[in-house]
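In my numbering, the protein residues as written are 39 to 467.
Ideal Cβ positions, reconstructed from N, Cα and C, are used throughout, including at glycine.
Report on one structure; see the data block that follows.
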């Protein structure tokens, strides 16, 4: 039974950085299980291979005794087909188990391999119709590439028609390559749809196609970037393995030439030892890329499922019908808060005026009460006349108001050339 812990639940839509960090967290949490699940097809292949080989040996021995080679050939073909079919079915189930493992890890559960096997019950029935349709479509597309050559051979001069047939075939090949890339990106969420949401057949294809609507370039770019690091690790392991194998081959050749060109008789034991070391080193070099692929492939499995679940939640709406098989029901993301910079107050939300939209006021004199307030006089309130507004005195008065006795002469603190404040002195003839 699986246990429940705190998991990296998808609480907001994933961008590039958050998609990679969530994928890394999921893979790191259950890395051992992610590596163990792909070994199931290998284990089944080894066990079934031993059983099929033993049965074939018995059948061939009986056919030789009965002098019937046809039975031996038929038994060999049937046994090999059964072996390949079993490995393919287990490999298909393992892909669904990895998708369910990602989903349950995101929800905080820790399923074991047996739990994953039970959770994917019915996966073959949902996935086989889809993959049979894919195989049929691939066969038809590959057959299209042969049509130009057949037409040129049947209805034209082989010498003059071979050039145009090759050109048409190359154009078709490029067009089909672009089309296959486009279709593979559009259907990239199909494993999650089959295993987690439990849609099957054409419904799974339609669902996966719908999830990538409006997200084609984003899906293509994210998937390409996610594959760079695993691809670089596998490529580096391949280069190291090739260098090891090449060094083993060169070393064995040098040792053999040294033994053969020596004056004494070649040491057979030494030669066998060199050959054994070369074979072992070559196997090690060939194993390194396979081992690297096994160790880094969980990242891509986690990324594709995590990203597909993010697409599903982005397009979810309240009240969406559930899968008929009772699979995972995506829920919409909760409302996300508006991004706020530190130290900057949030702008008030835009809303319509509660009083409605008023008529546009025309130009003209402003209504009473509008306009800048009058500046206060630095010399106090101005006198007013009866029935009139404020009367401007002929000369500005002193700060305390107009003088009551007339001109008082220059005041302390005034300018020497001033005539004082108040009423000017009388003029004498």
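- Message: Between the alpha carbons of residue 342 and residue 324, how many angstroms are there, rounded?
- Response: On the chain shown, position 304 is the one that residue 342 refers to. On the chain shown, position 286 is the one that residue 324 refers to. Using only the alpha carbons, I get a separation of about 28 angstroms.
- Message: Whether or not the region 215–234 and the region 156–168 are in contact is what I'm after, with contact meaning three or more pairs of Cβ atoms, one per stretch, closer than 8 angstroms; do they touch?
- Response: yes
- Message: Here's a check: name, in chain order, each residue in its chain whose Cβ is nearer than 7 angstroms to the Cβ of residue 355, leaving out the five neighbours to either side.
- Response: For the purposes of this step, residue 355 is identified with residue 317 of the chain shown, where counting begins at 1. 370, listed in sequence order.
- Query: What distance in whole Å lies between the Cβ atoms of residue 255 and residue 225, which are believed to be in contact at a cut-off of 8 angstroms?
  - Reply: Locating residue 225 in the chain shown gives position 187, where the first residue counts as 1. Locating residue 255 in the chain shown gives position 217, where the first residue counts as 1. With 8 angstroms as the limit, residue 225 and residue 255 do not qualify as a contact, their Cβ atoms being about 16 angstroms apart.
- Item | Own chain partners of residue 61 with C-beta closer than 6 angstroms, once the 5 adjacent residues on each side are dropped | What you label residue 61 is simply residue 23 of the chain shown in a count that begins at 1. Only 340, 341 and 344 meet the Cβ criterion.
- Should residue 270 be labelled buried (16 or more other beta-carbon atoms within 10 Å of its own) or exposed? For this step, residue 270 is matched to residue 232 along the chain shown. The residue in question, residue 270, is exposed, as its Cβ has fewer than 16 Cβ neighbours within 10 Å.
- Task: Give me the Cα-Cα distance between residue 77 and residue 205, rounded to the nearest whole angstrom.
- Result: Sequence index remark: in the chain shown, residue 77 carries index 39 (1-based). Sequence index remark: in the chain shown, residue 205 carries index 167 (1-based). Their Cα atoms are separated by approximately 44 angstroms.
- Could you work out which residue in 192, 259, 290 and 191 is closest to residue 223 when comparing CA atoms only? Locating residue 223 in the chain shown gives position 185, where the first residue counts as 1. When each option's Cα is compared against that of residue 223, the closest is 259.
- Item | Burial state of residue 133 (16 or more Cβ within 10 Å) | As a first step, residue 133 must be located in the chain shown, where it is residue number 95. With 16 or more Cβ atoms within 10 Å of its Cβ, residue 133 is classed as buried.
- Item | Rounded straight-line distance, which links the Cα of residue 311 to that of residue 171 | Translated into positions along the chain shown, residue 171 becomes position 133. Translated into positions along the chain shown, residue 311 becomes position 273. Looking at the two C-alpha atoms, the distance is approximately 52 angstroms.
- Buried or exposed by the 16-neighbour rule on C-beta atoms within 10 Å, applied to residue 58: Reading the chain shown from its first residue, position 20 is the one you call residue 58. Buried is the call here.
- Message: One question on the structure: do residue 262 and residue 290 come within less than 8 angstroms of each other, judged by their Cβ atoms?
- Response: What you label residue 262 is simply residue 224 of the chain shown in a count that begins at 1. What you label residue 290 is simply residue 252 of the chain shown in a count that begins at 1. It is not a contact, given that the beta carbons lie outside the stated cut-off.
- Message: Please report the straight-line C-alpha distance between residue 79 and residue 202, rounded to a whole angstrom.
- Response: Sequence index remark: in the chain shown, residue 79 carries index 41 (1-based). Sequence index remark: in the chain shown, residue 202 carries index 164 (1-based). Each residue's alpha carbon lies about 45 angstroms from the other.
- Task: Quick one: grab the DSSP three-state call for residue 235.
- Result: In the chain shown, counting from the first residue as 1, residue 235 sits at position 197. Reduced to three states, the DSSP call for residue 235 is helix.
- Message: What does the alpha-carbon distance come out to for the pair residue 292 and residue 277?
- Response: For this step, residue 292 is matched to residue 254 along the chain shown. For this step, residue 277 is matched to residue 239 along the chain shown. Each residue's alpha carbon lies about 22 angstroms from the other.
- Message: In whole angstroms, give me the CA-to-CA distance for residue 237 and residue 317.
- Response: Walking along the chain shown from the start, residue 237 turns up at place 199. Walking along the chain shown from the start, residue 317 turns up at place 279. Approximately 48 angstroms between the Cα atoms of the pair.
- Simplified DSSP state of residue 100, which is helix, strand or coil: Position 62 of the chain shown holds residue 100. Residue 100 falls in the helix class under three-state DSSP.
- Task: Reducing DSSP to helix, strand and coil, say where residue 131 ends up.
- Result: Residue mapping note: residue 131 aligns to position 93 of the chain shown, counting from 1. If DSSP states are grouped into helix, strand and coil, residue 131 belongs with the helices.
- Apart from the five residues on each side of it in sequence, which residues of its chain come closer than 6 angstroms, Cβ to Cβ, to residue 34? Given that the chain is displayed from residue 39 to residue 467, the structure contains no residue 34 and the question cannot be resolved.
- Message: On the criterion of 16 or more Cβ atoms from any shown chain inside 10 Å, does residue 220 qualify as buried, or is it exposed?
- Response: Taking the first residue of the chain shown as 1, we reach residue 220 at position 182. By the 10 Å Cβ count, residue 220 comes out exposed.
- Could you tell me if residue 272 is buried or exposed, where buried requires 16 or more neighbouring beta carbons within 10 angstroms of its beta carbon? In the chain shown, the residue the question calls residue 272 occupies position 234. Residue 272 comes out buried.
- Item | Own chain residues within Cβ distance below 7 angstroms of residue 86, not counting five before or after | Counting from 1 along the chain shown, the entry for residue 86 is found at position 48. The answer, listed in chain order, is 121 and 124.
- Task: For residue 183, collect the residues of the same chain with a Cβ closer than 8 angstroms to its Cβ; drop the 5 residues on either side in sequence, then sort them by chain order.
- Result: As a first step, residue 183 is located in the chain shown; it is residue number 145 there, counting from the start. Excluding sequence neighbours, residue 183 sits near 207, 210, 211 and 214.
- Item | Three-way DSSP call (helix, strand, coil) for residue 283 in this model | Counting from one through the chain shown, the residue named residue 283 turns up at place 245. If DSSP states are grouped into helix, strand and coil, residue 283 belongs with the helices.
- Query: Going by C-alpha distance, which of 69, 350, 94 and 84 is nearest residue 229?
  - Reply: Taking the first residue of the chain shown as 1, we reach residue 229 at position 191. Selected option, being the one with the closest Cα: 350.
- Out of 335, 333 and 283, point me to the one whose CA is closest to residue 319's CA. Residue mapping note: residue 319 aligns to position 281 of the chain shown, counting from 1. Among 335, 333 and 283, the Cα nearest to that of residue 319 belongs to 283.
- Message: Starting from residue 164, trace the alpha helix (DSSP H) in both directions and tell me its first and last residue.
- Response: Working through the chain shown from its first residue, we reach residue 164 at position 126. Element bounds for residue 164: 161–193.
- Message: Just to confirm my understanding: we take residue 75, look at its own chain, exclude 5 residues before and 5 after, and list those with CB closer than 8 angstroms. What are they?
- Response: Position 37 of the chain shown, counting from 1, holds the residue named residue 75. Result list for residue 75: 132, 135, 136, 139, 151 and 154, in chain order.
- Item | Residue from 217, 216 and 251 whose Cα sits closest to the Cα of residue 227 | Looking up residue 227 in the chain shown gives position 189. Of the candidates 217, 216 and 251, the one whose C-alpha sits nearest the C-alpha of residue 227 is 251.
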